[in-house]
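**Student:** The structure that follows is given in the form of structure tokens.
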Amino acid sequence: MEVTNVTEFEAIAKEKLPKMVYDYYASGAEDQWTLKENRNAFSRILFRPRILIDVSKIDMSTTVLGFKISMPIMIAPTAMQKMAHPEGEYATARAASAAGTIMTLSSWATSSVEEVASTGPGIRFFQLYVYKDRNVVAQLVRRAEKAGFKAIALTVDTPRLGRREADIKNRFTLPPYLTLKNFEGLDLGKMDQADDSGLASYVAGQIDRTLSWQDVKWLQTITKLPILVKGVLTAEDTRIAITSGAAGIIVSNHGARQLDYVPATIVALEEVVKAARGQVPVFLDGGVRRGTDVFKALALGASGIFIGRPVVFSLAAEGEAGVRKALQMMRDEFELTMALSGCRSLQEITRSHIVADWDTPRVVPRL
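One rule links them: number in this note's numbering = place in the sequence shown (from 1) + 432.
Dropping the structure here:
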């Protein structure tokens with residue numbers, strides 16, 4: 433069967449992967465309402481395409497934190513990619529680089545920042561959790577900087593791990609032949625006592641529950657890298673993030689893996705964009721599976737989007753070639769959506785190109 437859209441990779445991944453691994457990637461928290469809603473909410477936004485516009489040339493390029501990329505579709509951090517494919521994060525890094533876009537490496541990767549840097553050139557961000565031992569955080573940040581990473585995506589929605597019932601049922605553990613590579617060679621204090629298979633749960637337990645806005649400011653004292661605050665869903669937190677020095681915001685509900693019954697990110701996006709008032713760029717992750725979704729996010733004010741599950745599923749299905757194909761399919765769909773909506777550049781995508789079910793009834797102008 434020829435794969436014609438990124439969603440089809442999931443069925444292939446489900447067949448190929450052990451149940452414990454597939455469930456880890458695929459599942460959400462508790463009732464998984466938000467997991468479904470992250471997708472469903474996109475279907476409640478319709479297009480208002482403009483016609484008879486010359487769309488023979490379309491420019492999808494953009495800049496993110498000053499870095500030029502080929503399209504506003506980037507790769508979100510997803511943990512432990514070598515569970516999906518032996519090449520794991522190496523394959524993802526090469527595919528992102530070939531597509532001319534940004535890869536975000538998870539703290540909990542099965543390849544280290546140095547290993548990912550060794551795959552060749554590319555613009556890479558590093559996703560960070562803050563641990564009780566700030567020395568561990570400082571070491572991780574220094575290594576990411578040294579390896580040429582360009583920004584820190586600080587994940588702030590995880591003071592504790594959400595309740596993912598599939599993982600509880602499966603007694604999820606990192607397979608014994610893998611390890612969280614970014615924690616090797618760090619001075620982990622008592623972390624050294626954890627064996628590799630127990631390291632994942634041990635490291636998760638080391639996330640600092642006292643994390644506060646002061647820590648966002650503290651992070652700026654130990655790195656010159658721009659900090660994206662990942663996990664914002666409200667106007668209130670947007671304003672605090674900006675006053676705390678965030679270089680950008682990622683509207684995210686952690687792929688619906690943390691608190692269930694939070695809104696879909698596409699629904700929360702506009703509130704955040706309005707509160708940001710153009711002071712910092714706002715990005716989105718969660719539920720993006722089509723080029724049409726990318727267009728809708730940009731029409732609601734996002735500067736770009738990040739995809740997570742489509743990457744691990746395409747990686748599981750076909751390795752690096754799969755990730756390249758996933759990125760290319762989404763790029764092609766997005767370009768087609770722009771053309772059929774009458775937009776030749778990202779700047780031409782506006783709020784008037786869509787209508788959402790939460791909009792007030794539109795008054796049709798009299799002719």
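Where is the CB? At the ideal position from N, CA and C, for every residue including glycine.
1) Using a Cβ-Cβ cut-off of 6 Å (strictly less than) and excluding sequence neighbours within five positions of S746, which residues of its own chain qualify?
2) Looking only at its chain, what residues have a beta carbon closer than 7 Å to the beta carbon of Y563, apart from the 5 residues adjacent to it on each side?
3) Among the candidates R783, T542, G687, S543, whose CA atom is the shortest distance from the CA of Y804?
4) According to DSSP, K448 sits in a beta bridge with which residue or residues?
5) What would DSSP say about I600, mapped onto helix, strand or coil?
6) What did DSSP end up calling M506 once you bin it into helix, strand or coil?
7) From T466, G680, L560, pick the residue whose C-alpha is nearest to that of G594; which is it?
8) Report the start-end ranges of each alpha helix (DSSP H) in the segment 642-683 that is 4 residues or longer and not cut off at the edges.
9) Could you tell me the boundaries of the beta strand (DSSP E) in which I639 lies?
10) For the beta strand (DSSP E) containing M535, list its first residue and its last residue.
11) By DSSP, does I737 sit in helix, in strand, or in coil?
12) Could you give the DSSP three-state label for L586: helix, strand or coil?
13) Identify whether K500 lies in helix, strand or coil by the three-state DSSP scheme.
14) Would you mind stating whether S538 and G520 have Cβ atoms separated by less than 8 Å?
15) Strictly by DSSP, which residues pair up with D491?
16) Applying the criterion that 16 or more other CB atoms from any shown protein chain within 10 Å of the CB defines a buried residue, is S684 buried or exposed?
17) For L610, which residues from the same chain have a beta carbon less than 6 Å from its beta carbon, with the 5 sequence-adjacent residues on both sides left out?
18) Between the Cα of A576 and the Cα atoms of T590, R556, D589, D565, which residue gives the shortest distance?
19) Taking the continuous alpha helix (DSSP H) assigned at R574, which residues delimit it?
20) In the DSSP assignment, what residue or residues form a beta bridge with D717?
21) Counting only the same chain and skipping the five closest in sequence on each side, list residues whose C-beta sits under 8 Å from that of P553.
**Tutor:** This is what the structure holds:
1) F441, G754, V755, A758
2) Within the same chain, Y563 has close Cβ partners V569, Q638, I639, D640.
3) Here the chain covers residues 433 to 799 and nothing more, so residue 804 does not appear.
4) DSSP, once it has assigned bridges, lists no residue as partnering K448.
5) For I600, the secondary structure class from DSSP, reduced to helix, strand or coil, is helix.
6) strand
7) Looking at the Cα atoms, T466 is the closest of the given residues.
8) 645-654, 667-675
9) Segment: none, I639 is in no beta strand (DSSP E) and carries neither H nor E.
10) 535-537
11) strand
12) strand
13) strand
14) In this structure, S538 sits away from G520, with a CB-CB distance that is not shorter than 8 Å.
15) S777
16) buried
17) K514, T542
18) R556
19) Unbroken alpha helix (DSSP H) run through R574: 566-578.
20) F738
21) Here the set comprises S529.
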